[in-house]
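Let me begin by presenting the structure, written as structure tokens, before commenting on it.
2 protein chains.
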Amino acid sequence: MAAEVLACDWGTTNLRAWTLDGQGAVIAQRDFRLGVAKLAPGEAARRFQAEVRPALGAEGLPAILCGMIGSNIGWATAAYVDCPAGLADLAGRLTVAADGVRIAPGLRCEGIAGAPDVMRGEETQILGWLAQHPERRRGRHLLCHPGTHAKWVLIEDGRVVRFITAMTGELFAVLGAHSLLASDAPADDDVAFEAGVAAAGAGDALAARLFSARSRVVGGQADAASTPSYLSGLLIGAEIAAVPALLGEGTSHAALLGDPALCARYARALRQRGVEAEIFDGETAAIAGLWALYAR
Amino acid sequence: MAAEVLACDWGTTNLRAWTLDGQGAVIAQRDFRLGVAKLAPGEAARRFQAEVRPALGAEGLPAILCGMIGSNIGWATAAYVDCPAGLADLAGRLTVAADGVRIAPGLRCEGIAGAPDVMRGEETQILGWLAQHPERRRGRHLLCHPGTHAKWVLIEDGRVVRFITAMTGELFAVLGAHSLLASDAPADDDVAFEAGVAAAGAGDALAARLFSARSRVVGGQADAASTPSYLSGLLIGAEIAAVPALLGEGTSHAALLGDPALCARYARALRQRGVEAEIFDGETAAIAGLWALYAR
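Listed in order, the protein sequences are those of chains H and B.
With positions in the first sequence counted from 1, the corresponding number in our numbering is that position plus 41.
With positions in the second sequence counted from 1, the corresponding number in our numbering is that position plus 41.
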């Protein structure tokens, strides 16, 4: 089948592009090191036409984009849509960046302490996930999109009602590189990870619980090489123990959507705490979401 | 009066030394950039004799030292004393590092998640504070020593029963330098500080609450220059909301011991949350503690 649309998830560090046929199936896929954070003014439009379109044989195709490319450091600002919002709300608010090029808006809701909370890119994966799973378009669902800035999302009858961002991945990266807990060891020790999840307690007093990552080594109870795994478990454990409750939601079941390896870590932590967890691939959800936004 | 003892608080980054008379009063004081973290093996003994003693005219005087100089990267290892412990317990366990030079031990207790908790240096300030305030040697008292690694200490009848370390100061430094919340602005905005304390909630879900430090700026509700103050309030607020509870202690009153400017920030946060706070100077307490250890 011939390509019908060029779909792009254009984020801070990377651009992933697909050509899709008239059923939304992938014909071709390419990645580009064209992160929004590194773009000079005007560069997005120029390189999209000169590099991205030709690489996928997509000259002249309509294009649908999501992610940070719609932020004020991207190609064109796609204003946030306020929650609650679903597919129809977002599809009706696409921003035309250039002839035939449309950008999906992000989502905004009331956050913690009176500040807004925002997402850009994850909303398209969530809409795609709902498109992939029609049975989830009724009732209430708790979804987590783990990452540098993890999102906990409350979905009701197919619309995002509210969400909360947790800087868990960033805390892990910053503490692992620059603090007393810095280490080059891999985070692949399941026993230490589970000890960290347990040490997270009720998700409170994180600054104190973090010290246990040091004192368990100083006290001779653990090898220093297990610190990254313990730290990962402690931070993810603290997140899952406390963030869903801020959504006013009891946590007995959570859908995990995103990078499969990271989702697997979250699933392990959730199950350790008695929460059922299902993992869904973020990339196929992104494709489904971009297709749904285009096709609507 | 003639000098009777050379007293030193010898920490990771700095050495502060005093000569004291026969009543424990200060005769002279000098600081040395001789942090334990930078000492080569053998360097502590050599420079103590060659620089510290002559600078204070303290050749031949007995010396009493506390702090990280008693750790395994210091001059001689002064083994931790287990809690509960008071002045008599520590005075009976001084380590002789050289002729006439004794080092105070640190304290150890059961910490979070089965790991031990430890302190070195703060115990001498706490003993000194008790020596300065005989009325505090009866009953239960909650004391906080703020800093890079803040200590919350439960004292009963003049002995340290238990304590918990919180990496609050380190989190502030690392996030302020290396994260999305990095800023060079000073943390001197009282309104933003108090907003941060309020945003700390119950001291749970810190990774999510941290994102509010970003979203309040992105959402146009606050100036980016206020981020360090807000972050300071958020981290201190999260600490005081949750760490004392881990000691099993209700918090209606806390003694703050340490750097007066930092104690003042903690006092502001504690009072905002309805906790009575009294500030005590850490340096005079350290002197009183070293004197008490020597004199006993």
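Backbone N, C-alpha and C fix where the C-beta goes; we use that ideal spot for every residue, glycine too.
Quick caveat: nothing in here was measured; it's all calculated off a predicted structure.
Worksheet entry | Proximal chain H residues relative to GLY65 (chain B), where beta-carbon distance stays under 8 angstroms | The residue labelled residue 65 (chain B) in the question sits at position 24 within the second sequence. Near GLY65 (chain B) there are no residues of chain H at all, since even the closest Cβ is about 33 angstroms away, more than 8 angstroms.
Discussion item. With a threshold of 7 angstroms between beta-carbons, can ALA249 (chain B) be considered close to chain H, or not?
Written reply: Residue mapping note: residue 249 (chain B) aligns to position 208 of the second sequence, counting from 1. Yes - at least one Cβ of chain H is within 7 angstroms of the one on ALA249 (chain B).
Worksheet entry | Contact list for MET363 (chain H) against chain B, beta-carbon separation under 9 angstroms | With chain H represented from 42 up to 337, any question about residue 363 (chain H) goes unanswered, as that position is not in the structure.
Item to complete: Under 6 angstroms Cβ to Cβ from GLY244 (chain H), same chain only, skipping five residues before and after it: list those, please.
Response: Counting from one through the first sequence, the residue named residue 244 (chain H) turns up at place 203. Within the same chain, GLY244 (chain H) has close Cβ partners ALA279, ALA282 and ALA283.
Worksheet item: Do LEU183 (chain H) and GLU290 (chain H) have their C-beta atoms closer together than 7 angstroms?
Response: The sequence position of residue 183 (chain H) within the first sequence is 142, counting from 1. The sequence position of residue 290 (chain H) within the first sequence is 249, counting from 1. Yes, the Cβ-Cβ distance between LEU183 (chain H) and GLU290 (chain H) is below 7 angstroms.
Worksheet item: In chain H, which residues lie less than 7 angstroms from SER220 (chain B) when you measure between Cβ atoms?
Response: For this step, residue 220 (chain B) is matched to residue 179 along the second sequence. Neighbours of SER220 (chain B) on chain H, chain order: GLU211 and VAL215.
Fill in: ARG143 (chain B) classed as buried or exposed, judged by whether at least 16 other C-beta atoms fall within 10 angstroms
As a working note, residue 143 (chain B) is residue 102 in the second sequence. Buried.
Discussion item. At a cut-off of 6 angstroms, would you count GLY133 (chain B) as near the ligand MN, judging by its Cβ distance to the nearest heavy atom?
Written reply: Absence of the ligand MN from the depicted structure is noted, as is the absence of any ligand whatsoever, leaving it without description.
Worksheet item: When you compare only the Cα positions, how much space is there between LEU287 (chain H) and VAL316 (chain H)?
Response: Within the first sequence, the letter at position 246 stands for residue 287 (chain H). Within the first sequence, the letter at position 275 stands for residue 316 (chain H). In a straight line, the C-alpha of LEU287 (chain H) is about 16 angstroms away from that of VAL316 (chain H).
Discussion item. Which same chain residues end up closer than 7 angstroms to ALA126 (chain B) when comparing Cβ atoms and leaving out the 5 residues on each side of it in sequence?
Written reply: Position 85 of the second sequence, counting from 1, holds the residue named residue 126 (chain B). Around ALA126 (chain B): LEU148, ARG200 and VAL201.
Item to complete: Have a look at the DSSP bridge pairing and note the partners of CYS185 (chain B).
Response: Position 144 of the second sequence, counting from 1, holds the residue named residue 185 (chain B). In the DSSP output, where bridge partners are listed per residue, CYS185 (chain B) has B:TRP193 and B:LEU297.
Item to complete: Examine chain H for any beta-carbon lying closer than 7 angstroms to the beta-carbon of GLU197 (chain B), and answer yes or no.
Response: Counting from one through the second sequence, the residue named residue 197 (chain B) turns up at place 156. GLU197 (chain B) does not count as touching chain H.
Practice prompt. With DSSP as the reference, label GLU211 (chain B) as helix, strand or coil.
Written response: For the purposes of this step, residue 211 (chain B) is identified with residue 170 of the second sequence, where counting begins at 1. In the structure shown, GLU211 (chain B) sits in a helix (DSSP, three-state: H, G or I).
Worksheet item: Name the chain B residues whose beta carbon is nearer than 7 angstroms to that of ALA156 (chain H)?
Response: Residue mapping note: residue 156 (chain H) aligns to position 115 of the first sequence, counting from 1. Within chain B, the residues near ALA156 (chain H) are SER253, SER256, ARG257, GLY260 and GLN262.
Worksheet item: Under a three-way DSSP split, which group does ARG8 (chain B) fall into?
Response: Since the displayed chain B opens at 42 and closes at 337, residue 8 (chain B) lies outside it and no answer follows.
Worksheet item: Mind checking whether TYR307 (chain H) and LEU297 (chain H) have CB atoms under 7 angstroms apart?
Response: Against the first sequence, residue 307 (chain H) aligns to sequence position 266. Against the first sequence, residue 297 (chain H) aligns to sequence position 256. Cβ distance < 7 angstroms, so TYR307 (chain H) and LEU297 (chain H) count as in contact.
Discussion item. Determine, for MET208 (chain B), whether the minimum Cβ-Cβ distance to residues of chain H falls below 7 angstroms.
Written reply: Numbered from its first residue, the second sequence carries residue 208 (chain B) at position 167. Chain H contact via Cβ: present.
Worksheet item: Considering only the beta carbon of each residue, do THR206 (chain B) and PHE252 (chain H) sit closer than 7 angstroms?
Response: Mapped onto the second sequence, residue 206 (chain B) falls at position 165. Mapped onto the first sequence, residue 252 (chain H) falls at position 211. Cβ atoms of THR206 (chain B) and PHE252 (chain H): closer than 7 angstroms.
Worksheet item: Just reading off the alpha helix (DSSP H) that PHE89 (chain H) is part of, what are its end residues?
Response: Along the first sequence, one-based indexing puts residue 89 (chain H) at 48. That residue, PHE89 (chain H), is in no alpha helix (DSSP H); it is neither H nor E in DSSP.
Fill in: Continuous beta strand (DSSP E) stretch holding LEU148 (chain H): start and end
For this step, residue 148 (chain H) is matched to residue 107 along the first sequence. Per DSSP, LEU148 (chain H) belongs to the beta strand (DSSP E) from 148-151.
Fill in: the stretch 226-234 of chain H touching the stretch 260-274 of chain H, judged by at least three CB pairs closer than 8 angstroms
yes
Item to complete: Closer than 7 angstroms by C-beta to LEU80 (chain B): which residues in its own chain qualify, once you throw out the five before and the five after it? Chain order, please.
Response: Taking the first residue of the second sequence as 1, we reach residue 80 (chain B) at position 39. Same-chain partners within the cutoff: there are none.
Worksheet item: Just the Cα atoms here: how many angstroms apart are LEU195 (chain H) and VAL93 (chain H)?
Response: Taking the first residue of the first sequence as position 1, residue 195 (chain H) is located at position 154. Taking the first residue of the first sequence as position 1, residue 93 (chain H) is located at position 52. Answer to the nearest angstrom: the Cα atoms are 35 angstroms apart.
Practice prompt. Please work out which residues of its chain come closer than 6 angstroms, Cβ to Cβ, to ALA241 (chain H), disregarding the five sequence neighbours upstream and downstream, and give them in chain order.
Written response: Here residue 241 (chain H) corresponds to residue number 200 of the first sequence, with the count starting at 1. Hits under 6 angstroms: LEU275, GLY278, ALA279 and ALA282.
Worksheet item: For THR165 (chain B) versus CYS124 (chain B), is the C-beta spacing smaller than 7 angstroms?
Response: In the second sequence, counting from the first residue as 1, residue 165 (chain B) sits at position 124. In the second sequence, counting from the first residue as 1, residue 124 (chain B) sits at position 83. For THR165 (chain B) and CYS124 (chain B), no; Cβs fall outside 7 angstroms.
Worksheet item: Beta-carbon separation of GLU211 (chain B) and THR189 (chain B) under 7 angstroms?
Response: Here the question's residue 211 (chain B) lines up with position 170 in the second sequence. Here the question's residue 189 (chain B) lines up with position 148 in the second sequence. Contact flag set, yes.
Worksheet entry | Range of the contiguous beta strand (DSSP E) that encloses VAL67 (chain B) | Within the second sequence, residue 67 (chain B) is the residue found at index 26, counting from 1. VAL67 (chain B) -> beta strand (DSSP E) spans 67-73.
Item to complete: Would you decide whether HIS294 (chain H) is buried or exposed? Buried here means 16 or more other CB atoms lie within 10 Å of its CB.
Response: Position 253 of the first sequence holds residue 294 (chain H). Exposed.
Worksheet item: Near ARG161 (chain B), which residues of its chain fall below 7 angstroms by C-beta distance, leaving aside the five closest residues on each side in sequence?
Response: The residue given as residue 161 (chain B) occupies position 120 in the second sequence. These residues qualify, in order along the chain: GLY108, MET109, GLY111, SER112 and GLY147.
Item to complete: Classify VAL142 (chain B) as helix, strand or coil using the three-state DSSP reduction.
Response: Taking the first residue of the second sequence as 1, we reach residue 142 (chain B) at position 101. Three-state DSSP puts VAL142 (chain B) in a strand.
Worksheet entry | Contact with chain H by GLU163 (chain B), beta-carbon distance below 7 angstroms | Residue 163 (chain B) sits at position 122 when you count from the first residue of the second sequence. Judged by the 7 angstroms Cβ criterion, GLU163 (chain B) is not in contact with chain H.
Discussion item. Tell me the rounded alpha-carbon separation between ARG250 (chain H) and SER267 (chain H).
Written reply: Position 209 of the first sequence, counted from the first residue, corresponds to residue 250 (chain H). Position 226 of the first sequence, counted from the first residue, corresponds to residue 267 (chain H). Each residue's alpha carbon lies about 16 angstroms from the other.
Practice prompt. Would you verify that the beta carbon of ALA246 (chain H) is, or is not, closer than 7 angstroms to some beta carbon of chain B?
Written response: For this step, residue 246 (chain H) is matched to residue 205 along the first sequence. Cβ-Cβ to chain B under 7 angstroms: yes for ALA246 (chain H).
Item to complete: For LEU128 (chain B), go through chain H and note every residue whose CB falls closer than 9 angstroms to its CB, in chain order.
Response: Along the second sequence, one-based indexing puts residue 128 (chain B) at 87. The premise fails here: LEU128 (chain B) is roughly 25 angstroms from chain H at the closest Cβ pair, so nothing lies under 9 angstroms.
Worksheet item: Between SER256 (chain H) and ALA154 (chain H), what straight-line distance do the alpha-carbon atoms span, to the nearest angstrom?
Response: In the first sequence, residue 256 (chain H) corresponds to position 215, counting from 1. In the first sequence, residue 154 (chain H) corresponds to position 113, counting from 1. Cα-Cα distance, rounded: 33 angstroms.
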